[in-house]
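For the sequence shown, position 115 (counting from the first letter as 1) is numbered 146 according to the numbering used here, and the numbering increases by one without interruption.
The beta carbon of each residue, even a glycine, is placed where N, CA and C say it ideally should be.
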Amino acid sequence: MSLFSTEGARALGQGLHSPAGSLLDTELVTMLRGYKRGVASRYRALVKDELLTSLPAGPLRVSPKVDGELWFLIFDGGDVFLTAPSGRVVSGNLPLLAEARALVARAHARTVVTGELYAARTGGRPRVGDLANAMGGEEKAAVERMAFAAFDSLRGGAADGPEQAAAYAERLASLSRLFEGGKRVRAVKTEVVSGGEAVAALFAEWVEGGKGEGLVIRGSDESIYKAKPAISIDAAVLGYTASSEGPDRVGSLLLGLMREDGQMQVIGSCGNMPTEQRLALMPLLSAQHAESNYRYANNRGALYRYVRPELVVEIKVTDIQSEDSSGDPISRMILEWQGGAWRRVCELPGVSILHPVLLRVRDDKRVDPVDVRVAQVQERCLVAGIDRHADRLVLPQSEIVRREVYTKAAKGEVAVRKLIVWKTNKHEIDRALGYPAYVVQFTDFSAGRKDPLQREVRLAPNEAAAMKIADEMLAEGIKKGWERRAGFGQ
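Right under this line is the structure:
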């Protein structure tokens, strides 16, 4: 049985680009999504000024951060393909994959390599938008520009070494042997240095010299750092909350960027600012109240008070991301300013800002498609359909196609495990919305556990794949002693 489905795939040169949820192998899906979550939680973001004081002692392995997308190159016997954490798959007759297939004899039987999929360019460093351009055009896609920079392995590697080395240095050395001499598929350039000054020198050479988006720094203690230049964004203030320290000062600001058609997209909030700014902003914003039919709460549950689109602020962030820790697109609400009020439109792929700090109010800027343009984020990450007009959509309802509930009594408590499979009926409406065809969820509730409610969610491109995933979840999660409850099936 194939490890992936090509149902709903689009042409990519002489190959295929299959949608999210197309990876069918349960072991691979769990491995890849687990890696994405695990690495994302371990990264520490740094700016240049912190390199001298925030890095651990001992040898540091430093690589330029390639500006692309996280993908995995899979060797499985004679089958070689690329897959993203969301289950998108690139397969078929592509120059990149042809080069990888020529290396099959060097690799273990099943090898899973982590890397950045990017598009080479003749002038300057690769940019994340270059990859989208190269993969567009279907049969006419510029697939010859696609390349893969490997930086880790989850399984396997060069056949002349262990199937999975524990130490990162050994895994990187294995990848260097596997991809030696590669053009489109290669191990990422890495230098071993000691001390923050040496890392700062590489930052000046590679990042400020225009050779990389940033640095990835790995310590001997398995710590991982990502260093980039500080990013500055001019954003519109959409709302505010009062500070917990007193009603005379602002707690945090709700921020947005304007699309070319004048629609506003929420990007997140900023609560890091000096006390004098908090005090100065409160009388200004409290005089600009506006109505909204969209509710947004801060991390303490306080709702933002919306204001008229009049104030622009400059913020500094350490990073901008368009995917969450599982590799799924981040959705953000689109708002329209109509009749003196904010009106919600729909959610579309957007961004999340990391560690925002308020720098200043920009009295010289206006809330318009130039000064607070959403294109400010495009240099840092790819957002599908960021320039398209958002229409209020009435989406078809999802349809539950399978539901099973199981219980188990132990020590006076009843544990519950539930499986639901639903058909979204939305995946053909608009690819930019990112809806899968089917979703499978397994819920595990046990009141006596430290984390009582646990969920596993999987996507599938068709009903057969969804049912296979469901059967595997039940086989793994429902053992002896669990009783199926009548009246919950469908």
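Where does PRO50 land, buried or exposed, given buried means 16+ other C-beta within 10 angstroms? buried
Reference GLU430, options VAL405, ILE451, LYS442, closest by Cα: ILE451
Of the choices LEU342, LEU484, ALA40, GLN472, whose alpha-carbon is the least far from that of VAL121? ALA40
DSSP puts GLN485 in a beta bridge; with which residues? ASP475
When you compare each of GLY245, PHE103, ALA197 to PHE182 by their alpha carbons, which one comes out closest? PHE103
Using 10 angstroms around the beta-carbon of ASP279, count the other beta-carbons present and answer buried if the total reaches 16, otherwise exposed. exposed
Whole beta strand (DSSP E) runs in the segment 81-140 with 3 or more residues, listed along the chain? 90-96, 100-107, 110-114, 120-124
Sub-8 Å separation of VAL405 and ALA261 beta-carbons: no
With distances taken between CB atoms, is the gap from ILE365 to VAL376 smaller than 8 Å? yes
Reducing DSSP to helix, strand and coil, say where GLU169 ends up. helix
So the beta strand (DSSP E) LYS454 belongs to, where does it begin and stop? 444-454
Reduced DSSP category for GLY69 - H, G, I as helix; E, B as strand; rest coil: helix
For TYR74, which residues of its own chain have a beta-carbon under 6 Å away from its beta-carbon, when the five flanking residues on both sides are left out? ILE255, LYS257
Counting along the chain, where does the beta strand (DSSP E) carrying ILE14 start and finish? Nothing can be reported for residue 14: it is not among the residues displayed for the chain, which extend from 32 to 521.
DSSP beta-bridge partners for VAL373? In the sequence as displayed, the identity of residue 373 is Trp instead of Val. Beta-bridge pairing links TRP373 to SER323, TRP368.
Using beta-carbon positions only, say whether LEU284 and VAL403 come within less than 8 Å of one another. no
Terminal residues of the beta strand (DSSP E) in which TYR527 lies: This structure cannot speak to residue 527, because the chain is shown only from 32 to 521.
Straight-line CA distance for LYS454 to TYR469? 5 Å
Cα-Cα separation, SER117 to LEU426: 22 Å
Nearest to LEU491 (by Cα), restricted to the options VAL60, MET313, LEU390, GLU194: For clarity, residue 491 is Ala in the given sequence; the question names Leu instead. The shortest Cα separation from ALA491 among VAL60, MET313, LEU390, GLU194 belongs to VAL60.
Which parts of the segment 136-214 are runs of the beta strand (DSSP E), unbroken and 3 residues or longer, counting only runs that do not cross its ends? 141-150, 177-186
State the DSSP-derived secondary structure class of ARG41, mapped to helix, strand or coil. strand
Measure the CB-CB distance between ALA478 and GLU444 and report whether it falls below 8 Å. yes
Cβ-based neighbour list, LEU125, same chain, cut-off 8 Å, excluding 5 preceding and 5 following: LEU43, GLY44, GLN45, GLY46, VAL174, MET177
Cβ pair ALA321, ARG309 closer than 8 Å: no
Within 10 angstroms of the Cβ of GLY282, are there 16 or more other Cβ atoms? Answer buried if so, exposed if not. buried
Integer-rounded CB distance, given that VAL398 should sit under 8 Å from VAL344: About 11 Å; that fails the 8 Å criterion.
Environment of SER33 [buried if 16+ CB atoms lie within 10 Å]: exposed
Cβ atoms of LEU134 and PHE210: under 8 Å apart, would you say? yes
Looking at C-alpha atoms only, which residue of THR272, ASP482, TYR199 is the closest neighbour of TYR335? THR272
Whole-angstrom Cβ separation of VAL348 and ILE264, contact assumed at under 8 Å? 7 Å
CA-CA distance, GLU222 and ARG92? 6 Å
For GLY250, the nearest candidate out of ALA446, CYS412, LEU82 (CA to CA): LEU82
Measure the Cβ-Cβ separation of VAL432 and GLY381 and say whether it is below 8 Å. no
Bounding residues of the alpha helix (DSSP H) (the contiguous stretch that carries VAL230): 227-233
Using a 10 Å radius around the Cβ and a threshold of 16 neighbouring Cβ atoms, would you call GLN409 buried or exposed? buried
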